[in-house]
Each structure stands twice: as C-alpha cells, then as structure tokens.
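Here's the structure we're looking at; comments come further down.
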Amino acid sequence: MVERDIRDHFLAQAKACDGLGSPFTANLCRALAKVLDANTRTGQAVLGWPGDARADALALRVCGALHALVLTGSSERLALIYPPNQTSESEIAAVLPEAIARSDERIVAGLAGAPQTNEIARSAMLLPGFLTVARETGLPLDLCEIGASAGLNLLFDSFHYSYRDAEWGDPASPARLAPEARGRAVPLGGAIDVRYRAGCDVAPVDVADAAARLRLRSFVWADQAARLARLDAALSLAEKFPPLLVKADAADFVEKALAARQRGGAFVLYHSIMWQYLPRATKDAITAALEQAGRQATAAAPIARLRMEPRDPTNNWAVLSLTLWPGGETRRLAHCDYHGRWIEWIG
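The numbers in the working numbering rise by one with no breaks, and the one at position 192 of the sequence shown is 203.
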C-alpha cells in the first residue's frame with residue numbers, strides 16, 4: 012500500500028471509532044494520520060506496511076501499542092493526553108511525535124500481533140441465540156467457539172444480563188451486561204445446560220499470563236472505561252474457571268469437533284466479529300464441513316451455527332443469525348452493535 016492509502020486507513024478508522032462511541036480513539040487516529048513520518052522506526056513500519064492495512068487492523072495495532080505504554084506507566088507525557096483527561100486532536104498531535112520517538116522500539120514491537128479485545132459484551136448479543144437453540148432442541152449444549160481469543164465468551168453463562176426489565180444469569184456475577192434493548196423484547200425463556208465447551212484461536216490468550224492480560228486491556232479503547240471494567244470482571248472469572256482453549260486453525264478445529272460430537276447434545280459452533288479476518292479457503296472449509304455434517308444431523312444430535320458478524324463491513328452494526336440442522340434453515344435473529352452496546356431483536 013502507498014503512504015496515502017495508509018493515512019486514509021487511519022482516517023477511516025477514526026470515522027468508525029466516532030460511530031462506535033470512542034471520540035478519543037477517533038482523535039488519536041486522526042492525529043496519527045498527520046504526524047507519522049519516516050523520522051522514527053514506528054513511522055517507517057506503519058507507512059511502509061507490507062500488507063493490507065485495513066485487513067491487518069493497522070491503526071488499532073498502533074493505538075494498542077500506545078495504550079500499553081499508558082497502562083504500564085511507561086510514558087508520563089503520553090498519559091497526559093489520555094483519558095480521563097480531556098484533550099483535542101491538536102493537543103494529541105502535539106504530544107505524539109516526542110512520545111513515539113521515546114518509545115519507538117516498544118511501539119514497533121507492539122505492531123507484531125493482531126488486535127484482540129475479547130469483548131464480553133458480545134455475549135449479550137449471543138445469549139438469546141443460545142437460548143433459542145436450547146428451547147428448540149430441548150438438549151444440553153456442546154459449545155465450540157472459533158476466534159475465541161482468551162475464551163472469555165465461553166463463560167457467558169457465568170455472567171449476569173439485563174435487557175430492559177428482563178434479567179438472566181447469576182445475580183452475584185462480577186461480569187454484568189446491560190445492553191440497550193431496541194424494538195421487540197429479547198426472548199429469554201428457557202434454561203441452558205452446557206455439557207461441553209471449548210474454543211480455538213490462532214493466537215490464544217493465556218489469562219494466567221500478566222503480559223497477555225495487558226495486551227487484551229491495551230486494545231480496549233481508552234475512553235471506554237465500562238469496557239475495561241467488563242474485561243477485568245471476566246478475567247477474574249477466567250482465572251477461577253479457565254476455559255479450554257487450543258491453538259489451532261479454525262477449519263481444522265471445526266472438522267475435529269464435528270467428528271467427535273456425541274448424541275444427546277446440540278453441537279453449537281459460534282463466532283463473533285472474526286469471520287472477516289479468515290482466509291477464503293478457511294471459510295469455505297468450515298462452511299463445507301458444517302453442511303456435510305448437517306446432512307447427517309438428527310433431532311438427537313442437532314447442529315447449530317450461531318454467528319454475530321457484519322453483513323456489510325461498511326456498517327457499524329452486525330447481524331445475529333442462526334442456522335440449525337436438521338433442515339439447515341438460516342434465520343436472522345437480531346441486529347446488534349459490534350461492541351454489544353445495543354440489540355434489536357427481529358427473530
């Protein structure tokens with residue numbers, strides 16, 4: 012990509028951050044688009060990025076590396092422009108060049124890994140889908156999540172949920188989710204019995220590792236304190252009840268999980284805001300494996316695919332959809348915010 016395309020990518024990310032309720036990160040992206048240059052290794056690495064900046068979430072990699080410096084207390088100068096301080100785009104731009112130069116090597120190192128936030132508020136979007144599967148099959152659930160990151164959303168049934176006046180889950184849970192419920196009431200009837208749960212990721216996050224926890228926190232936008240609090244609450248649960256995670260290609264994981272499924276439970280493959288990052292060959296392999304297994308699904312061994320993914324990457328909202336075999340019908344259940352701020356039930 013040419014330099015102009017890289018700068019435009021930062022401006023596009025700024026627009027997305029504005030739409031997703033993070034004015035600070037939006038201003039940070041706009042300031043970075045202006046001040047990055049070849050005088051630092053960071054500027055050279057970013058402006059000479061060899062891949063697709065959007066697909067690689069390059070702007071968010073830079074933002075995460077800078078946030079990590081603030082979270083660790085490594086840059087007092089940078090911390091002055093971060094929340095809870097109120098700063099303008101111009102004030103941010105004035106501080107960035109020196110801050111980047113002082114921490115150049117650490118920022119470059121932080122660009123190596125793709126962003127992972129493991130946003131647990133997405134569980135509030137997925138929960139009604141899990142309940143739908145449980146009600147319609149009458150069976151316990153065997154859960155398999157791809158792109159599971161730290162596996163925090165595998166613990167969804169340990170969280171507490173509020174949708175207007177309706178509640179579900181453990182009232183004593185430290186992880187509490189209360190999205191705005193738009194339109195029709197979100198159906199919360201029935202119970203969920205999880206018989207098995209496991210997840211995979213190409214780079215699974217070990218919640219027992221302090222550096223890994225810091226990396227998760229660094230990718231949460233700094234002016235969204237509620238998201239940071241939710242993450243910390245879920246991490247505390249994961250330390251007590253660590254989810255089963257494996258490092259694996261998603262297609263291989265799905266193929267093996269389908270082959271090992273047992274009668275008497277509903278196999279549920281689910282994923283949220285990750286499908287767009289998979290290679291086409293991986294997507295095709297997963298879809299083919301599900302369709303093949305679906306042809307052999309029975310009422311005693313049904314298969315479900317629950318996904319919260321954007322229908323159009325230019326929109327700032329996703330669609331919750333469910334495919335259930337036998338039958339293989341796909342239904343759109345809800346529109347929802349990428350970060351789980353609101354859900355509109357349409358199913």
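Yeah, the Cβ is synthetic: ideal placement off N, Cα and C, and Gly gets one too.
Because the structure is a prediction, the values reported are computed rather than measured.
Proximity winner among the options, relative to residue i (alpha-carbon distances)
i	options	result
His-346	Pro-139, Thr-298, Thr-293, Ala-244	Pro-139
Asp-6	Ala-292, Arg-316, Trp-353	A query on residue 6 cannot be resolved here, the shown segment of the chain reaching from 12 to 358 and no further.
Phe-141	Leu-227, Val-106, Leu-280, Gln-287	Leu-280
Ala-262	Gly-276, Thr-298, Gly-275, Trp-232	Thr-298
Cys-155	Ser-283, Glu-340, Gly-210, Val-57	Gly-210
Val-213	Pro-151, Gly-194, Ala-161	Ala-161
Ser-99	Ala-277, Phe-35, Ala-223, Leu-335	Phe-35
Ser-169	Arg-175, Arg-187, Ala-292, Ile-157	Arg-187
Ala-56	Val-106, Ala-23, Leu-248, Ala-123	Ala-123
Cys-266	Gln-303, Trp-286, Val-13, Leu-77	Looking at the sequence shown, residue 266 is not Cys but Glu. Checked all of Gln-303, Trp-286, Val-13, Leu-77; the closest Cα to Glu-266 is Gln-303.
Ala-13	Asn-96, Trp-232, Trp-60	Here residue 13 is Val; the residue named in the question, Ala, does not match the sequence. The shortest Cα separation from Val-13 among Asn-96, Trp-232, Trp-60 belongs to Trp-60.
Asp-6	Ala-192, Ala-183, Leu-69	Outside the shown range of the chain, which is 12 to 358, sits residue 6, and nothing can be said about it.
Ser-283	Asn-164, Thr-148, Gly-84	Asn-164
Asp-48	Ala-37, Ala-66, Arg-18	Arg-18
Ser-173	Pro-190, Pro-108, Gly-276	Pro-190
Ala-135	Lys-294, Leu-246, Ile-92, Pro-198	Pro-198
Trp-353	Leu-335, Met-319, Thr-341	Met-319
Ala-245	Ser-332, Arg-228, Pro-185	Pro-185
DSSP bridge partner residues for residue i (one or two, in chain order)
i	result
Phe-278	Asp-153, Ile-314
Leu-188	Tyr-172
His-346	Val-330, Glu-355
Ser-283	Met-319
For residue i, the first and last residue of its enclosing beta strand (DSSP E)
i	result
Asp-212	205-212
Leu-194	Here the sequence assigns Gly to residue 194, which means Leu is not the residue at that position. From DSSP, the beta strand (DSSP E) with Gly-194 extends over 191-194.
Ala-27	Taken as a continuous stretch (DSSP letters only), Ala-27 belongs to no beta strand (DSSP E), being part of the alpha helix (DSSP H) at 14-30.
Residue i burial status per 10 Å Cβ neighbour count (16 or more: buried)
i	result
Thr-53	buried
Phe-21	buried
Gln-273	exposed
Leu-225	exposed
Glu-87	exposed
Ser-114	buried
Arg-238	buried
Leu-150	buried
Gln-235	buried
Ala-271	exposed
Asp-295	exposed
Asp-348	buried
Glu-178	exposed
Arg-195	exposed
Limits of the alpha helix (DSSP H) - the one that residue i falls within
i	result
His-350	His-350 -> no alpha helix (DSSP H), and no H or E assigned at all.
Leu-335	Unbroken run through Leu-335 is the beta strand (DSSP E), 328-336; no alpha helix (DSSP H).
Ser-101	100-113
Ala-123	Run containing Ala-123: none; DSSP gives neither H nor E here.
Arg-224	221-229
Gln-55	52-58
Asn-38	34-46
Leu-82	69-82
Residue i in three-state terms, based on DSSP
i	result
Met-136	helix
Val-144	helix
Thr-309	strand
Val-257	strand
Glu-340	strand
Ala-177	strand
Ser-247	helix
Glu-320	strand
Tyr-93	coil
Arg-272	coil
Glu-130	coil
Leu-199	coil
Ala-49	coil
Asp-234	coil
Leu-289	coil
Ala-159	coil
Arg-65	coil
Val-216	coil
Closer than 8 Å to chain C by CB, residue i
i	result
Ala-56	Among the chains in the structure shown there is no chain C, since it carries only a single protein chain.
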